[in-house]
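Residue numbers (the numbering used here): 66 to 238. Note sheet for the following structure.
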């Protein structure tokens, strides 16, 4: 890994200045390299929410019938695949907290989660007064994550960088 870092000219990072400007500056200072945020690269909503897609219509119809702020979207991510037992605990924990961004506390010895920890975390972020800061931060972040113009500007900057640094590519040959 060390040779890759010392041999590269630029770090491409899946983030944006608006989200992690301090971290990007620290990374640049530490590595003494150009740090280029390429945006969050969110999946395109165009293909996934086709107005003519029956599955999407059914999901959207169900969502439209729910009380505001009563649905929690859970995305475990791609770094770790939860086991069936963990998915069950996650679902049971969500059901236990009927009032249904925050990390759910995991078992320190094996990293698993429990329905109680899920229920407590959901209650904190969705209902409790001390969770207000999480709700406010989520609203603030939605303006960044949902700003497709921002994402396009990041990609445009990346393309401009590549166009202006063609000589880097030639020196690799």
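Beta carbons are placed, not taken as given, at the ideal position from N, Cα and C, and that holds for glycine.
Residue i, buried or exposed, once every other Cβ within 10 Å from all chains shown has been counted against 16
i           : result
residue 140 : exposed
residue 102 : buried
residue 136 : exposed
residue 126 : exposed
residue 225 : exposed
residue 81  : buried
Distance CB(residue i)-CB(residue j) smaller than 7 Å
i           : j           : result
residue 189 : residue 154 : no
residue 98  : residue 76  : yes
residue 83  : residue 209 : yes
residue 100 : residue 92  : yes
residue 104 : residue 220 : yes
residue 254 : residue 211 : Lying before the first or after the last residue shown, residue 254 is absent from the chain, which here runs from 66 to 238.
residue 169 : residue 186 : yes
Reduced DSSP category for residue i - H, G, I as helix; E, B as strand; rest coil
i           : result
residue 146 : coil
residue 164 : Any reading at residue 164 must be qualified, since the residue scores a pLDDT of 48, below 50, and its modelled position is unreliable; the value itself is stated next. Of the three classes helix, strand and coil, the one that applies to residue 164 here is coil, per DSSP.
residue 71  : helix
residue 179 : coil
residue 77  : strand
residue 208 : helix
residue 173 : coil
residue 133 : coil
residue 140 : coil
Unbroken alpha helix (DSSP H) run spanning residue i, endpoints
i           : result
residue 120 : 119 to 129
residue 101 : Element bounds for residue 101: not the alpha helix (DSSP H) but the beta strand (DSSP E), 99 to 102.
residue 196 : Careful: residue 196 lies outside any alpha helix (DSSP H) and carries neither H nor E.
residue 91  : 82 to 96
residue 106 : Per DSSP, residue 106 belongs to no alpha helix (DSSP H) and is neither H nor E.
residue 217 : 213 to 229
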